[in-house]
Amino acid sequence: MALSDQSQNPLLGKWETQHEIAPFNVIYDEHFRPALEIACSKALIEVEEIIKNRNEPTFENTIEALLSTGQLLDRIVSTFYTIAGAHTNKKRDELLLVFSSKLSDHNTNIYSNTELFDRIDRVVETKHLNGLDQEQDRVLKLVHRNFVRSGAALKGRNKTRFQDISKQLAVIGTKFSQNLLSDERDWFMELKRETLELLPSFLVEALKQAGQERGINDPVLTLSRSLITPFLQFCPDRELRKIAYIAWIKRGANGGARDNVKLAQQTLKLRAEMAKLLGFESYSHYKLDTEMAASPENVENLLKKVWGPARVVAIRDEALLTAMMRDDGVNDTLKGWDWRFYAERRRLKEYDLDEESVKPFFQLDNLINAKFKCASKLFSLEFSPLEIPLYHEDCRAWTVSRKGKSIAVFIGDYFSRPSKRSGAWCSAMRSQAKFPNEQIPIVINVCNFSRLDNTVLSFEDARTLFHEFGHALHQILSDVTYDIISGTSVARDFVELPSQLFEHWLEVPEVLKEFAIHCKTGKTLPEEMLYSILEASTFDMGFQTTEYLASAFVDLYLHLEETPVDILERQDQILHQLKVPKAIGMRHSVPHFAHVFSGSGYASGYYSYMWSEVMDADAFAAFEEAKDPFDPVVAKSLEKNILAAGGSEEPAILYKRFRGRLPDPSAMIKARGLN
Numbered sequence: 000m001a002l003s004d005q006s007q008n009p010l011l012g013k014w015e016t017q018h019e020i021a022p023f024n025v026i027y028d029e030h031f032r033p034a035l036e037i038a039c040s041k042a043l044i045e046v047e048e049i050i051k052n053r054n055e056p057t058f059e060n061t062i063e064a065l066l067s068t069g070q071l072l073d074r075i076v077s078t079f080y081t082i083a084g085a086h087t088n089k090k091r092d093e094l095l096l097v098f099s100s101k102l103s104d105h106n107t108n109i110y111s112n113t114e115l116f117d118r119i120d121r122v123v124e125t126k127h128l129n130g131l132d133q134e135q136d137r138v139l140k141l142v143h144r145n146f147v148r149s150g151a152a153l154k155g156r157n158k159t160r161f162q163d164i165s166k167q168l169a170v171i172g173t174k175f176s177q178n179l180l181s182d183e184r185d186w187f188m189e190l191k192r193e194t195l196e197l198l199p200s201f202l203v204e205a206l207k208q209a210g211q212e213r214g215i216n217d218p219v220l221t222l223s224r225s226l227i228t229p230f231l232q233f234c235p236d237r238e239l240r241k242i243a244y245i246a247w248i249k250r251g252a253n254g255g256a257r258d259n260v261k262l263a264q265q266t267l268k269l270r271a272e273m274a275k276l277l278g279f280e281s282y283s284h285y286k287l288d289t290e291m292a293a294s295p296e297n298v299e300n301l302l303k304k305v306w307g308p309a310r311v312v313a314i315r316d317e318a319l320l321t322a323m324m325r326d327d328g329v330n331d332t333l334k335g336w337d338w339r340f341y342a343e344r345r346r347l348k349e350y351d352l353d354e355e356s357v358k359p360f361f362q363l364d365n366l367i368n369a370k371f372k373c374a375s376k377l378f379s380l381e382f383s384p385l386e387i388p389l390y391h392e393d394c395r396a397w398t399v400s401r402k403g404k405s406i407a408v409f410i411g412d413y414f415s416r417p418s419k420r421s422g423a424w425c426s427a428m429r430s431q432a433k434f435p436n437e438q439i440p441i442v443i444n445v446c447n448f449s450r451l452d453n454t455v456l457s458f459e460d461a462r463t464l465f466h467e468f469g470h471a472l473h474q475i476l477s478d479v480t481y482d483i484i485s486g487t488s489v490a491r492d493f494v495e496l497p498s499q500l501f502e503h504w505l506e507v508p509e510v511l512k513e514f515a516i517h518c519k520t521g522k523t524l525p526e527e528m529l530y531s532i533l534e535a536s537t538f539d540m541g542f543q544t545t546e547y548l549a550s551a552f553v554d555l556y557l558h559l560e561e562t563p564v565d566i567l568e569r570q571d572q573i574l575h576q577l578k579v580p581k582a583i584g585m586r587h588s589v590p591h592f593a594h595v596f597s598g599s600g601y602a603s604g605y606y607s608y609m610w611s612e613v614m615d616a617d618a619f620a621a622f623e624e625a626k627d628p629f630d631p632v633v634a635k636s637l638e639k640n641i642l643a644a645g646g647s648e649e650p651a652i653l654y655k656r657f658r659g660r661l662p663d664p665s666a667m668i669k670a671r672g673l674n
């Protein structure tokens with residue numbers, strides 16, 4: 000049997016499944032490589048047909064024709080990367096390198112095609128003759144801009160060099176991600192009974208589960224964030240906390256074949272050269288040219304505006320935690336492995352919040368129902384379980400409908416496992432579009448929660464659940480013609496607005512009263528605990544803001560300056576100049592800064608979470624001003640102007656339509672309790 004045979008390879012045939020979802024139960028690793036080769040060839044033939052057209056270039060015969068190409072390839076790529084990110088194996092790791100290299104070559108073939116670019120240029124020159132509507136005009140601008148930023152206008156050696164850099168970056172980014180996953184997957188620490196007896200029961204159960212996943216009978220600590228964070232919060236053994244913390248921050252920095260420091264150094268050099276080839280002063284100038292922020296100066300101004308108040312609060316908190324540590328008889332400076340432990344004690348003292356008492360109220364299934372209920376009340380959505388084969392037994396699917404019409408498929412993959420990369424994310428296996436065919440989106444949320452009976456989450460985990468679903472709603476409610484502007488296809492510093500905004504509904508009292516149900520007693524969250532949780536929402540915000548900003552500054556400066564000889568030394572210099580408390584450090588140090596070095600998505604763009612937070616604080620205030628977190632008028636405006644609009648217009652225009660003005664950072668600073 001030839002796997003490349005369209006009749007035998009399920010990736011190449013028509014998918015006779017509900018909503019044409021990938022038939023995961025009949026797709027095997029051996030299918031991907033031949034399917035990729037065939038799909039790339041088919042896409043290039045489709046592009047060649049556009050070039051052969053001797054008629055005057057128009058939006059229809061050039062831009063729409065181009066957007067119609069590569070549909071088979073898109074389907075194969077989205078299916079592969081969905082699996083490779085959430086359920087990898089040795090073969091898929093190998094395929095990741097094959098895909099990154101092949102797709103880089105494929106994109107180069109398209110974006111370096113002079114005849115194709117000349118046609119696009121001609122459409123831009125004559126667009127006044129085409130009678131384009133607003134959405135088409137926006138699409139034309141984006142297509143042309145994408146080609147220019149991909150080196151299409153370069154000539155000769157510069158063009159060849161740009162292509163070479165693009166290919167190198169694709170391979171390096173994949174390798175960076177694989178190194179990080181390998182470090183996270185391989186490290187674990189077996190724990191003695193006397194240590195386990197001092198930990199909360201929910202954590203002990205999660206540690207047992209982690210051991211079972213690795214074929215070990217005893218509980219083990221792994222580098223999953225859902226285990227490391229509570230371990231650092233609750234383990235009274237300072238030496239064990241130190242071992243765990245150092246293993247956590249040294250991911251990607253252990254040398255040898257997995258040396259991410261070297262890869263990050265190469266990445267910075269190549270990005271800087273790429274930007275200069277395109278006429279930009281730095282990679283940061285190149286990257287921010289298309290964002291809301293527009294320039295490195297604007298980003299730096301925002302970060303500095305928040306840094307001062309955040310550091311003041313962090314220094315104050317550091318003194319309080321140091322005093323608590325000294326009371327324990329530890330005559331030392333507060334370290335990174337101490338902060339969370341003493342912060343948790345302080346939280347218990349000041350707010351009477353014991354996480355072991357709080358977590359049983361936040362059951363995963365109840366919280367899934369809670370986010371669905373919020374989406375239903377805001378946007379009249381309905382969620383019905385969908386029984387279909389998916390890539391892992393942990394996955395669950397729902398059909399999303401409105402007024403009896405299916406408008407999306409939503410998939411949730413919530414549990415941590417060794418085959419899944421760390422973190423949480425949202426992606427679209429298929430985006431909403433009306434051209435060339437009408438299609439509903441297939442959206443997936445991936446998280447890394449510990450899998451236990453009556454799975455319970457920390458409040459921060461619950462926030463993550465709502466955050467990723469905010470991204471999903473951006474995809475689900477998209478209502479545009481072309482998928483190039485569909486859903487989350489927006490500026491990077493705008494894309495986090497819907498996700499961070501949706502987090503607010505987790506703190507709505509009526510939501511907590513209905514869905515925060517104790518997993519054993521069935522009792523609702525006590526009112527005094529509810530208000531303690533809400534009052535504590537800004538607790539330890541000095542730490543959270545400072546560690547985030549430290550990473551954002553490092554990301555910005557490394558992409559703004561000449562590439563340093565020693566990247567870690569320059570990182571330390573930046574932290575020293577900012578006077579970052581050593582017990583806090585960075586949320587993501589360079590060797591494990593996947594946002595920035597596993598791909599270019601957040602490169603010189605990690606600031607975007609805060610840029611979006613400036614908007615989300617102001618956006619939720621619109622519901623507060625209406626005195627109803629589910630106000631139908633505000634919700635309708637939010638859907639129409641933000642969620643449904645995708646990238647159909649510049650973000651600033653869309654936001655001003657929703658709110659009537661652009662927001663001020665002071666609202667965000669106040670919301671974080673830093674004023």
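The opening position of the sequence shown corresponds to residue 0 in numbering that gives the first Met the number 0, with each subsequent residue numbered one higher. Heads up, the beta-carbon is just placed ideally off N, CA and C, and yes, glycines get one too. Remember, it's a predicted structure, so these values are computed and weren't measured experimentally.
Quick check on residue i: does DSSP put it in helix, strand or coil?
i: P384; result: strand
i: Q211; result: helix
i: N300; result: helix
i: G411; result: strand
i: L2; result: Confidence at L2 is low in this model, with a pLDDT of 44, below 50, so the placement of that residue should be treated as unreliable; the coordinate-derived value is given next. Coil.
i: K404; result: strand
i: W14; result: coil
i: I20; result: coil
i: F448; result: strand
i: A490; result: coil
i: V455; result: strand
i: A293; result: coil
i: L139; result: helix
i: D163; result: helix
i: Q474; result: helix
i: S77; result: helix
i: F201; result: helix
i: H575; result: helix
i: A602; result: coil
i: I50; result: helix
Quick check on residue i: buried or exposed, where buried means 16 or more other Cβ atoms within 10 Å of its Cβ?
i: G541; result: buried
i: V632; result: exposed
i: I652; result: exposed
i: M0; result: Residue placement at M0 is flagged as unreliable, the pLDDT there being 37, under the threshold of 50; the coordinate-derived value follows with that caveat. Classification for M0: exposed.
i: E546; result: buried
i: Y27; result: exposed
i: S103; result: buried
i: P235; result: exposed
Please look up how many angstroms separate the CB atoms of residue i and residue j, rounded, as I've assumed it's under 8 Å.
i: L128; j: L139; result: With a Cβ gap of about 13 Å, L128 and L139 do not count as contacting.
i: G150; j: S111; result: 7 Å
i: L168; j: L269; result: 6 Å
i: F58; j: Q135; result: 6 Å
i: M323; j: D492; result: About 38 Å; that fails the 8 Å criterion.
i: I439; j: Q431; result: 6 Å
i: E502; j: G469; result: 7 Å
i: E343; j: F233; result: 7 Å
i: L642; j: P497; result: 6 Å
What does DSSP give as the partner residues of residue i in its beta bridges?
i: T221; result: F187
i: S426; result: I443
i: T523; result: I516
i: W397; result: P384 and F409
i: A432; result: Q438
i: Q362; result: V455
Heavy atom of the ligand FMN less than 7 Å from the Cβ of residue i, yes or no?
i: I516; result: For the structure depicted, the ligand FMN is absent and the ligand set is empty, with no information on it obtainable.
Quiz prompt | Touch test, the region 546 to 560 against the region 281 to 299, Cβ-Cβ under 8 Å, three pairs minimum | solution = yes
Quiz item: Quick one: any contact between the region 606 to 625 and the region 115 to 128, if contact means 3 or more CB pairs under 8 Å?
Solution: no
Quiz item: Within the chosen definition, does the region 567 to 587 reach the region 219 to 226 through at least 3 CB pairs nearer than 8 Å?
Solution: no
Quiz prompt | Any 3 or more C-beta pairs closer than 8 Å across the region 35 to 46 and the region 62 to 76 | solution = yes
Quiz item: Is it true that the region 296 to 310 meets the region 598 to 612, where meeting means three or more beta-carbon pairs spaced less than 8 Å apart?
Solution: yes
Quiz item: Pairing CB atoms from the region 612 to 619 with CB atoms from the region 442 to 460, are three or more of them under 8 Å?
Solution: no
Quiz item: Are the region 151 to 170 and the region 94 to 112 in contact at 8 Å, needing three or more beta carbon pairs?
Solution: yes
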